[in-house]
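Trainee: Got a structure for you, questions after.
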């Protein structure tokens, strides 16, 4: 297959690794990390790139997004003449950990927990990502009990924590990947944590989600949303994270 991949630059090394191994022909375009903090701008940029990729002479079989819902940045993004594939994760941490389920297991007590990875440390002007603190959620007026009734307990907690992030954190999380382990960023993060009197926590990345995205293994609808031409991405407010409308 010939595919177009639009990706956050924090996955630069990992993506090039899997593209080099893939039997597919994958044209990659990276967007700057800082767009994560500007949901409307990122949404507009994603749509522009999808539209451009749908209209070029190169005929792609699918346009892949190496993004999650990302503070609703992908909400409202529409597939043109080519199907769009997006993983069912909230943000980059879920992507690096391999699933939204694993992300919630590790971050459920503090969804604004700062985390970093090799990609975050190499790109942009900030070495840490503070969860989904800038999340723009539709229908945010209400109490925790209201959100539980509408979206379920797990998603209600995610929404409330995103809208009311903790201003002080006592720890820092590093997500380590076998692909970038040789670079030594885990040690640098640990040194920073000690200097700032923070607890250092390390999780192992599971890059199967990224590998399958690039390889074209999208059959598992619990892991990927395939958006047909003319349909758009919307938040599902449940374990699916995203849906098509």
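In the numbering used here, the protein residues as written are 1 to 245.
All C-beta atoms, glycine included, are put in the ideal place defined by N, C-alpha and C.
Owing to the predicted nature of the structure, the values given are computational and were not obtained by experimental measurement.
What number of angstroms, rounded off, separates the C-alpha of residue 198 from the C-alpha of residue 89?
Mentor: Approximately 27 Å between the Cα atoms of the pair.
Trainee: Are the Cβ atoms of residue 97 and residue 179 separated by less than 9 Å?
Mentor: Not a contact, by the Cβ cut-off of 9 Å.
Trainee: Ignoring anything shorter than 4 residues, give me the alpha helix (DSSP H) runs that lie fully in the region 62 to 132, in order along the chain.
Mentor: Counting whole runs of 4 or more residues, the region 62 to 132 contains the alpha helix (DSSP H) stretches 92 to 97, 100 to 107, 118 to 122.
Trainee: Is the number of C-beta pairs between the region 13 to 24 and the region 37 to 57 that are closer than 8 Å three or more?
Mentor: Cβ pair count under 8 Å is below three, so no.
Trainee: Identify, in the order they occur along the chain, each residue of the same chain with its Cβ nearer than 6 Å to the Cβ of residue 256, setting aside the five sequence neighbours on each side.
Mentor: Residue 256 is absent from the structure shown; the chain starts at 1 and stops at 245.
Trainee: Leaving aside the five residues before and after residue 203 along the sequence, list all residues of the same chain whose C-beta is less than 8 Å from its C-beta, in chain order.
Mentor: Cβ neighbours of residue 203 beyond the five flanking positions: 97, 106, 173, 174, 175, 176.
Trainee: Kindly list the residues whose CB is nearer than 6 Å to the CB of residue 215, restricted to its own chain and excluding five residues on each side of it in sequence; keep chain order.
Mentor: Once the five neighbours on either side are set aside, the close Cβ partners of residue 215 are 22.
Trainee: Would you call residue 50 buried or exposed, if buried means 16 or more other Cβ atoms sit within 10 Å of its Cβ?
Mentor: Buried: at least 16 other Cβ atoms inside 10 Å.
Trainee: Which term fits residue 25, buried or exposed, when burial requires 16 or more other beta carbons within 10 angstroms of its beta carbon?
Mentor: Residue 25 should be labelled exposed.
Trainee: Looking only at its own chain, which residues have a Cβ that is under 7 Å from the Cβ of residue 136, when we skip the five neighbours before and after it?
Mentor: For residue 136, the predicted model reports a pLDDT of 37, less than 50, meaning its position is unreliable; a value from the coordinates is still stated below. Counting only Cβ-Cβ distances below 7 Å, and skipping sequence neighbours, we find 39, 71, 72.
Trainee: Decide if residue 41 is buried, meaning its Cβ has at least 16 other Cβ atoms within 10 Å, or exposed.
Mentor: With fewer than 16 other Cβ atoms within 10 Å, it is exposed.
Trainee: Buried or exposed: which applies to residue 268, given that a residue is buried once 16 or more other Cβ atoms fall within 10 Å of its Cβ?
Mentor: Nothing can be reported for residue 268, as the shown portion of the chain is limited to 1 through 245.
Trainee: Check for me: the alpha helix (DSSP H) holding residue 266 runs from which residue to which?
Mentor: Outside the shown range of the chain (1 to 245) lies residue 266, about which nothing can therefore be said.
Trainee: Under 8 Å, with one C-beta from each stretch per pair, do the region 214 to 232 and the region 182 to 196 reach the 3-pair mark?
Mentor: Not touching, per the Cβ criterion.
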